[in-house]
Amino acid sequence: MALRVYNTLTRRKEEFKTIEPGRVRMYVCGVTVYGPAHIGHGFMVLSFDIIRRYLTWLGYDVLHAQNFTDVDDKIIARAAEVGIEPIALANGYVDEWRRDITGLGVLPPTIEPRATEEIAGMLEMIAGLIARGLAYEAGGDVYFRVRAFEGYGKLSRRSLDDLLSGARVEIGEQKEDPLDFALWKAAKPGEVSWPSPWGPGRPGWHIECSTMSLTHLGGQLDIHGGGTDLIFPHHENEIAQSEAYLGQEPFARYWLHNEMVQLGGTKMSKSLGNLVTIRELLDRGPDDGQIYRFMVLTGHYRTPLTWSEESFEGARRGLERLRSGLRGRDATAARGDGGALAATLATAEGDFRAAMDDDFNTAGALAALFELVRAINRSRDEGVPAADLGAAQAKLAELAGVLGLQLESAGDTARDLAAAPFIELLLETRAELRKAKQFALSDQIRDRLKALGVEIEDGPQGSIWRIT
RNA sequence: GGCGCCGUAGCCAAGUGGUAAGGCAGAGGUCUGCAAAACCUCCACCAGGGGUUCGAGUCCCCUCGGCGCCUCCA
């Protein structure tokens, strides 16, 4: 079974084949850093983090570039409001962004280019487009000549006539055609700017992604990702610039787009102001980043995610249940055999992979993991040998890790190692007390340990404990 | 208006044409000194109406409802 991905360009699922064997070049449009990131951005980075992790697990060497747009109209406007330099404002939100996505457990991209550090490459590309007759200078601005690029509209499935009705020309712009878009914008007096052959100015929004993917990923891409709201005009324009400049197509073999997060019936966005920031989410609890990831996993990246406290709480409980599979790793007396468990293990991994191979069907992958959890828990109750149980638990943790879920609590790995023998001692003592029907004392031990963050659960094979 | 997406149980949600995964919540049961957890069992006329087909949640058309994009957007 091979991986199949939904390609926005063709509007169908296609078998995934890389340009270079074993290597994936993936460029994902990042964010404009002029405000705090919200959970819609979180959905985007989580979606592509999961895709990246899965590709890596399949054995691909994944080059993952994700940019920061750190100069544009909104940044300049916001900086003026706050009274600081645009670059300083952008820097602050870049730092905040990195903290936020770390809190979501997202792997840092391989390459994180910033627009302001790539000006030279953009100038070269713009000059090249002018030389090819696909762009022109007008009053210090440079525009892309849309009608000179034959394939314009192929990603968003729009005709030039459709576009014309919605096109608009800002005052002061000297476009040849309303459809043309800016590659370079002349600086207004006092604005942050870079020197160029056409006078001081700054890059247009779209050119940065074309340049950075060319510079850092070497031209043609395997995957180009981003939110659906970027299909038009951003990605359409990137295609025009890149294919015109490179003289080859496709710019990207697979265009992957995540849907939008909904809040209160409409899209969550900065301009509408109806948003929950990632910071707010993470500040609520140390585990809320993982819970949000679980919530994302229960749906699909191409289906809108509706945020509600109710579904978030459902995700919290679901994640807890998934984690129940890792409880009581060493508490099993050898009894029974692990044959059934081993069989489920193989089935579950196969189901997991089949689901993920089908355009990253994470909900289906989770279902396979729950199947495994149930088998593990049943086996633990039955008293399967520790080695069989451990193998199944290791596989569960591995597959969950492919989705970016950390099932072991921090305490399972490091913090409690030193305390473990003492906790075991207390459990043995308590077992004696219970045998002697000294329930007041045994309950006291349970309560006191719980207050210290150690939860005891009595089961048919003895008691197990875990750090909460 | 143009280009698209979606409508599956109280909630979230998957679903290659062959009588519906999974999670949460709920009901009953097992285990247990108690608690918690776990385990077992139960819980869907797939928005509505036509059509194609031996057979449709799945394909086609229409209606109703929700959403996105149409040069700020993840």
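Numbering (my numbering), first residue to last: 86 to 553. Note that CB positions come from ideal geometry on N, CA and C, so glycine has one too. Keep in mind it's a predicted model, so treat the numbers as computed, not measured.
(request) Would you list the residues sitting across from Arg287 in a DSSP beta bridge? (result) Reading the first sequence from its first residue, position 202 is the one you call residue 287. Lys270, per the DSSP bridge assignment.
(message) Once DSSP output is grouped into helix, strand and coil, what is the label at Arg96?
(response) To locate residue 96, count along the first sequence from 1; it is residue 11. Reduced to three states, the DSSP call for Arg96 is coil.
(message) Counting C-beta neighbours from all protein chains within 10 Å, is the total for Gly289 16 or more, i.e. buried, or is it exposed?
(response) Indexing the first sequence from 1 puts residue 289 at position 204. With 16 or more other Cβ atoms within 10 Å, it is buried.
(message) If you measure between the beta carbons of Leu189 and Tyr228, is that distance less than 8 Å?
(response) Position 104 of the first sequence, counted from the first residue, corresponds to residue 189. Position 143 of the first sequence, counted from the first residue, corresponds to residue 228. Contact flag unset, no.
(request) Answer with buried or exposed for Phe336, where buried requires no fewer than 16 other C-beta atoms within 10 angstroms of its C-beta. (result) Counting from 1 along the first sequence, the entry for residue 336 is found at position 251. Counting Cβ neighbours within 10 Å, Phe336 comes out buried, since at least 16 surround it.
(message) Runs of 4 residues minimum, wholly inside the region 138 to 186: which ones carry the alpha helix (DSSP H) assignment?
(response) Correct list: 158 to 167.
(request) Taking Leu315 as the reference, give the member of Gly275, Pro263, His126 with the closest Cα. (result) Along the first sequence, read from residue 1 onward, the residue named residue 315 stands at position 230. Closest option to Leu315, Cα to Cα, is His126.
(message) Suppose you measure from the CA of Glu209 to the CA of His149; what does that come to, to the nearest Å?
(response) Within the first sequence, residue 209 is the residue found at index 124, counting from 1. Within the first sequence, residue 149 is the residue found at index 64, counting from 1. About 24 Å.
(message) The alpha helix (DSSP H) that contains Glu222, what's its start and end?
(response) Counted from its first residue, the first sequence places residue 222 at position 137. Element bounds for Glu222: not the alpha helix (DSSP H) but the beta strand (DSSP E), 220 to 223.
(message) Whole angstroms are fine: how far does the CA of Leu511 sit from the CA of Ile549?
(response) For the purposes of this step, residue 549 is taken as the residue at position 464 of the first sequence. For the purposes of this step, residue 511 is taken as the residue at position 426 of the first sequence. Ile549 and Leu511 have their C-alpha atoms some 12 Å from each other.
(message) Looking at the strands, I want to know which residues DSSP matches up with Tyr112.
(response) Along the first sequence, read from residue 1 onward, the residue named residue 112 stands at position 27. Answer is Ala150, His309.
(request) Determine the direct distance from the alpha carbon of Gly468 to that of Thr417, and round the result to whole angstroms. (result) Here residue 417 is taken as the residue at index 332 of the first sequence, counted from 1. Here residue 468 is taken as the residue at index 383 of the first sequence, counted from 1. Per-residue confidence for Thr417 stands at a pLDDT of 47, beneath the threshold of 50, marking its modelled position as unreliable; no derived number is given.
(message) I need the straight-line Cα distance from Ala452 to Phe437, nearest angstrom please.
(response) Locating residue 452 in the first sequence gives position 367, counting from the first residue. Locating residue 437 in the first sequence gives position 352, counting from the first residue. Computed Cα separation, rounded: 8 Å.
(request) Quick one: grab the DSSP three-state call for Ile104. (result) The residue given as residue 104 occupies position 19 in the first sequence. The three-state secondary structure of Ile104, taken from DSSP, is coil.
(message) Measuring only the C-alpha atoms, how far is Ala499 from Glu493?
(response) In the first sequence, the residue the question calls residue 499 occupies position 414. In the first sequence, the residue the question calls residue 493 occupies position 408. The pLDDT assigned to Ala499 is 48, lower than 50, so where the model puts this residue is not dependable, and the model offers no usable value.
(request) Could you work out which residue in Gly449, Thr391, Gly304, Glu344 is closest to Ile556 when comparing CA atoms only? (result) Residue 556 lies beyond the range of the chain shown here (86 to 553); nothing can be said about it.
(request) Pull up the DSSP beta-bridge partners for Trp340, would you. (result) If you number the first sequence from 1, residue 340 lands on position 255. Within the DSSP secondary-structure output, Trp340 pairs in a beta bridge with His309.
(request) Could you round the C-beta distance between Arg230 and Glu261 to whole angstroms and report it? I think they count as a contact, below 8 Å. (result) Here residue 230 corresponds to residue number 145 of the first sequence, with the count starting at 1. Here residue 261 corresponds to residue number 176 of the first sequence, with the count starting at 1. That belief holds up - the Cβ atoms of Arg230 and Glu261 are roughly 7 Å apart, short of 8 Å.
(request) Report buried or exposed for Ile135, applying the criterion of at least 16 other Cβ atoms within 10 angstroms of its Cβ. (result) Locating residue 135 in the first sequence gives position 50, counting from the first residue. Burial check for Ile135: the Cβ neighbour count within 10 Å reaches 16 or more, so the residue is buried.
(message) If I measure Cβ to Cβ from Tyr91 and keep anything under 6 Å in the same chain, skipping five residues before and after, which residues do I get?
(response) Mapped onto the first sequence, residue 91 falls at position 6. Spatial neighbours of Tyr91 in its own chain (CB-CB distance under 6 Å, excluding positions within 5 residues in sequence) are listed in chain order as Lys98, Asp444.
(message) Short of 8 Å in beta carbon distance, which residues of its chain neighbour Ala400, apart from the five on each side in sequence? Order them along the chain.
(response) Along the first sequence, read from residue 1 onward, the residue named residue 400 stands at position 315. Around Ala400: Ile376, Tyr377, Phe379, Met380, Thr383.
(request) With a threshold of 16 other CB atoms inside 10 Å of the CB of Pro198, please say whether the residue is buried or exposed. (result) On the first sequence, residue 198 is found 113 positions in, with the first residue counted as 1. With 16 or more other Cβ atoms within 10 Å, it is buried.
(message) Judging by CA-CA distance, which residue of Ala205, Arg138, Arg242 is the nearest neighbour of Thr93?
(response) Residue mapping note: residue 93 aligns to position 8 of the first sequence, counting from 1. Comparing Cα-Cα distances from Thr93 to each of Ala205, Arg138, Arg242, the minimum goes to Arg242.
(message) Would Asn343 and Met129 be called neighbours here (beta carbons separated by less than 8 Å)?
(response) By 1-based counting over the first sequence, the position of residue 343 is 258. By 1-based counting over the first sequence, the position of residue 129 is 44. Contact: yes.
(request) Just confirm the distance between the C-beta atoms of Gly218 and Trp283, as a whole number of angstroms; I'd bet it's less than 8 Å. (result) By one-based count along the first sequence, residue 218 stands at place 133. By one-based count along the first sequence, residue 283 stands at place 198. Gly218 to Trp283, Cβ: 16 Å. No contact.
(message) Taking 6 Å as the limit between beta carbons, can you name the residues of its chain near Ala450, skipping five residues before and five after?
(response) Counted from its first residue, the first sequence places residue 450 at position 365. Contacts found: Phe437, Ala440, Met441.
(request) May I ask you to list the residues that DSSP assigns as paired with Leu348? (result) Taking the first sequence and counting its residues from 1, one reaches residue 348 at position 263. Bridge pairing for Leu348: Thr351 [DSSP].
(message) Just to confirm before moving on: does the CB-CB distance between Thr154 and Gly115 stay below 8 Å?
(response) Position 69 of the first sequence, counted from the start, is the residue given in the question as residue 154. Position 30 of the first sequence, counted from the start, is the residue given in the question as residue 115. Cβ atoms of Thr154 and Gly115: closer than 8 Å.
(request) Look up His385 in the DSSP assignment and say whether it is helix, strand or coil. (result) Taking the first sequence and counting its residues from 1, one reaches residue 385 at position 300. His385: coil per DSSP, three-state reduction.
(request) Measuring alpha carbon to alpha carbon, tell me which of Glu365, Gln347, Gly312, Leu367 ends up nearest Asn359. (result) Position 274 of the first sequence, counting from 1, holds the residue named residue 359. Here the closest residue by C-alpha is Gln347.
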